Amino acid sequence: MKCKVAQNELAKALKACEKSFLVRANLPVLSNILLTISKNSLEALSTNLETATRVAVPCQGEIDGRITLPGRVFMDFIWQLPEQTLAIELLGEEVLVTTKGYSARFASMPAEEFPAIPKIESGKKIEIEASVFAKACAQVVFCAAQDEGRPTLNGILCELNKQNFSMVATDGYRLGFVTIPIAGSVSLIKMIIPAKTLGEVIKLASELEQEEDGKSLTITIADTLTQANFKLGNIEFTSRLIEGEFPNWQKIIPANFATSAKILREELTRRVRIAAVFARDSGNIVRLKLEGKKLTILATTAQVGSNETEMEAEISGKGGEIAFNYRYILEALSAIDSEVINFQMSESLTPGRITPEDTKSGLFQIIMPVRLQG
Numbered sequence: 227m228k229c230k231v232a233q234n235e236l237a238k239a240l241k242a243c244e245k246s247f248l249v250r251a252n253l254p255v256l257s258n259i260l261l262t263i264s265k266n267s268l269e270a271l272s273t274n275l276e277t278a279t280r281v282a283v284p285c286q287g288e289i290d291g292r293i294t295l296p297g298r299v300f301m302d303f304i305w306q307l308p309e310q311t312l313a314i315e316l317l318g319e320e321v322l323v324t325t326k327g328y329s330a331r332f333a334s335m336p337a338e339e340f341p342a343i344p345k346i347e348s349g350k351k352i353e354i355e356a357s358v359f360a361k362a363c364a365q366v367v368f369c370a371a372q373d374e375g376r377p378t379l380n381g382i383l384c385e386l387n388k389q390n391f392s393m394v395a396t397d398g399y400r401l402g403f404v405t406i407p408i409a410g411s412v413s414l415i416k417m418i419i420p421a422k423t424l425g426e427v428i429k430l431a432s433e434l435e436q437e438e439d440g441k442s443l444t445i446t447i448a449d450t451l452t453q454a455n456f457k458l459g460n461i462e463f464t465s466r467l468i469e470g471e472f473p474n475w476q477k478i479i480p481a482n483f484a485t486s487a488k489i490l491r492e493e494l495t496r497r498v499r500i501a502a503v504f505a506r507d508s509g510n511i512v513r514l515k516l517e518g519k520k521l522t523i524l525a526t527t528a529q530v531g532s533n534e535t536e537m538e539a540e541i542s543g544k545g546g547e548i549a550f551n552y553r554y555i556l557e558a559l560s561a562i563d564s565e566v567i568n569f570q571m572s573e574s575l576t577p578g579r580i581t582p583e584d585t586k587s588g589l590f591q592i593i594m595p596v597r598l599q600g
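Residues in the sequence shown are numbered consecutively from 227, following the working numbering.
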């Protein structure tokens, strides 16, 4: 096994492989990266058994072969080298990496010990603009549950229906929904993609957005609904899908709302952040009071003090008062980029809804209220 490769190309490949890499693994080979030289291509592959990252870069191949190397040490060494040509060669059970003024030897493990990563033999494929998909993911992914008590809530329910790709996430306290158009027509598909997977796709799209081949994202969903593959440029990121039934999320959304308000998003964000200073020691609770033409935000903590701020709002309906965890409000507002948001509510114990002023994207955030005392 022998080749020459540009340091910057290999460094970028290893950076991508970090997404599926285990530093401390019960199975030692999972802390390794599999390198494969085939003709004039060098492929790096990492896996944690839930996801796998595969990156191919051009090289001057001399002897084809496959070997695994200690991932963390190999990555750190390559990243620190200057941008020049590297020579990689397998010598017995060691891999020698040399370049002008630098050299290192790495212990290896046989490629046969590396887990086989199943390829999607048959599946549905869609093409979508990477930045559009990443933005939509970012608008809902934070709503997924963090604890592992209900595995299906650790994922995003994704539904492809004709020319739309919709995503919904919930942790039982809030819910985010968004839909984006896709080219072509796809038959109905429902799947639950791990939130961590989509979080990595968001990062990947951000890292590659300045590169020409990072503009388009190809998503392939296995017909068995067990795997999804995300291809961006020369990087392939494969993930297992979550098995199970996603809760009937539509039933928590009120059919109508008694009160609606148009509010300046940045002004509301600032006032909620100020209220949060006083709410941190009282369960993160802030109260919203809609009355007349104003919105009042209140927070109180015993032995600390209280805060009350007012702002103008275009209110229609009967008005009312409702309390939320301030963190859920701030995260919902950060997912919306419109200058004005719509806030809707009915009673103090029914969910509130936040949407952009322009509802074409179908984006909305539902937040469950906190019971008001007194």
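Just so it is clear, CB atoms sit at the ideal spot from N, CA and C, and this is done for glycine as well. Quick caveat: nothing in here was measured; it's all calculated off a predicted structure.
What residue does the beta strand (DSSP E) around residue 385 start on, and which one ends it?
-> For residue 385, the enclosing beta strand (DSSP E) covers residues 381-396.
Nearest to residue 355 by CA position, among 573, 507, 512, 437, is which residue?
-> It is 437 whose Cα lies nearest to the Cα of residue 355.
Please name the residue in 532, 387, 422, 343 whose C-alpha comes closest to that of residue 350.
-> Of the listed residues, the one whose Cα sits closest to residue 350 is 387.
Euclidean distance between Cα positions of residue 595 and residue 519 = One C-alpha to the other measures close to 22 angstroms.
Please specify which runs of the alpha helix (DSSP H), each continuous and at least 4 residues long, are wholly inside the region 388-472, giving them in chain order.
-> Inside the region 388-472, DSSP marks whole alpha helix (DSSP H) runs of 4 or more residues at positions 421-434, from first to last along the chain.
What is the rounded straight-line gap between the Cα of residue 482 and the Cα of residue 459?
-> One C-alpha to the other measures close to 44 angstroms.
Exposed or buried, what is residue 420 when buried is set at 16 or more other beta-carbons lying within 10 Å of its beta-carbon?
-> By the 10 Å Cβ count, residue 420 comes out buried.
Beta-ladder partner(s) of residue 295, from DSSP | Looking at the DSSP output, residue 295 shares a beta bridge with 259.
Which residues DSSP lists as bridging residue 570, in chain order = DSSP, once it has assigned bridges, lists 486, 579 as partnering residue 570.
Any chance the region 485-504 sits against the region 304-317, with 3 or more Cβ pairs inside 8 angstroms?
-> No, the region 485-504 does not touch the region 304-317.
Roughly how many whole angstroms lie between the Cα atoms of residue 237 and residue 270?
-> When only Cα atoms are considered, residue 237 and residue 270 end up about 11 angstroms apart.
Pairing CB atoms from the region 542-560 with CB atoms from the region 510-517, are three or more of them under 8 angstroms?
-> The way I'd put it, the region 542-560 does touch the region 510-517; three or more beta-carbon pairs between them come closer than 8 angstroms.
Alpha carbon of residue 577 to alpha carbon of residue 363, nearest angstrom | Straight-line Cα distance between these residues: approximately 23 angstroms.
How many angstroms separate the CA atom of residue 470 from the CA atom of residue 383?
-> C-alpha separation (whole angstroms): 11 angstroms.
Counting Cβ pairs, one atom from each stretch, are 3 or more of them under 8 angstroms apart for the region 333-353 and the region 420-436?
-> Touching, no.
Do residue 325 and residue 310 have their C-beta atoms within less than 8 angstroms of each other?
-> Closer than 8 angstroms, so yes.
Outcome for residue 462 when other beta-carbon atoms lying within 10 angstroms are tallied against a minimum of 16 | Buried is the call here.
Decide if residue 585 is buried, meaning its Cβ has at least 16 other Cβ atoms within 10 Å, or exposed.
-> Counting other Cβ atoms within 10 Å of its Cβ, residue 585 stays below 16 and is therefore classed as exposed.
Of the choices 417, 227, 533, whose alpha-carbon is the least far from that of residue 505?
-> The closest CA to that of residue 505, considering only 417, 227, 533, is found on 533.
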